[in-house]
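Colleague:
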Amino acid sequence: MVKIGNITLDVLDTGFYNDNSVKANNRSIVTLLTHGEINYLFPGDLEKDQDFSETIEHVDIFKASHHGAKSANSTKLLEALTPEVIILSTDGNNSYKIPQQESLDRMYAVTNQIYATFTTGTIKITSNGTSYDITSDNLILFQDSKWFAQNRTLN
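Position one of the sequence shown corresponds to residue 0 (numbering that gives the first Met the number 0), numbered consecutively onward.
1) Could you pull the start and end residues of the alpha helix (DSSP H) that residue 126 belongs to?
2) Could you give the distance in angstroms between the alpha-carbon of residue 94 and the alpha-carbon of residue 125?
3) Per DSSP, residue 41 forms a beta bridge with which residues?
4) From 1, 111, 28, 43, pick the residue whose C-alpha is nearest to that of residue 12; which is it?
5) Tell me, which residues are paired with residue 115 by DSSP?
6) Can you tell me the Cβ-Cβ gap for residue 128 and residue 35, rounded? I've got them flagged as a contact below 8 Å.
7) Tell me where the alpha helix (DSSP H) around residue 74 begins and ends.
8) Return helix, strand or coil for residue 69, following the three-state DSSP convention.
9) Going by beta carbon distance, what residues of the same chain come within less than 6 Å of residue 69, once the five residues before and after it are set aside?
10) So, are the CB atoms of residue 62 and residue 40 less than 8 Å apart?
11) I'd like the span of the beta strand (DSSP E) that includes residue 95, first residue to last.
12) May I have the straight-line CA-CA distance separating residue 46 from residue 131, to the nearest angstrom?
13) In angstroms with no decimal places, state the Cα-to-Cα distance between residue 133 and residue 31.
The following block contains the structure:
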């Protein structure tokens, strides 16, 4: 844990770090950043379900795991975290077709506030510890992007 004022950074134990039987993605570093009342979760490429309910009651900002792959961002995890905002960090023109529809369906079941770096550019989040603001040079909800209209659907 690193603590500076009302900002805390925790590296969470997923239980998979020393388990060589799981894929390398599941040994990703998972961090929880807390600024006052605002929680941000960065799960790396974690694919397997992990119960963070003892550590986290709610996440305001969730950086989608494994770029939005269908093997990540399970219903169980998303319903437990209840994120207000989900950030996808990926390139929409990749051979894996990430973000994948299956993962997006699970994300949209918990929030409509989803942004993707490849449609908005760099996403900046500022916070005073009780509220946050999201900005970008081209801030657009992912479902309102041209890429989404051409490649995905809202179910």
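Even glycine gets a Cβ: it sits at the ideal position worked out from N, Cα and C.
Modeller: With the structure as the only source:
1) Looking at the DSSP string, residue 126 is not in any alpha helix (DSSP H); the run it does join, the beta strand (DSSP E), is 123-126.
2) One alpha carbon belongs to residue 94, the other to residue 125, and they sit about 33 Å apart.
3) According to DSSP, residue 41 bridges with 30.
4) With distances taken between CA atoms, residue 12 lies nearest to 28 out of 1, 111, 28, 43.
5) 87
6) Right, their Cβ atoms sit about 2 Å apart.
7) 74-80
8) In this structure, residue 69 counts as coil in the three-state DSSP scheme.
9) So the list reads 99, 101, 102, once near-sequence residues are dropped.
10) Closer than 8 Å, so yes.
11) Secondary structure note for residue 95: it is in no beta strand (DSSP E), with a DSSP letter that is neither H nor E.
12) Approximately 28 Å between the Cα atoms of the pair.
13) 18 Å
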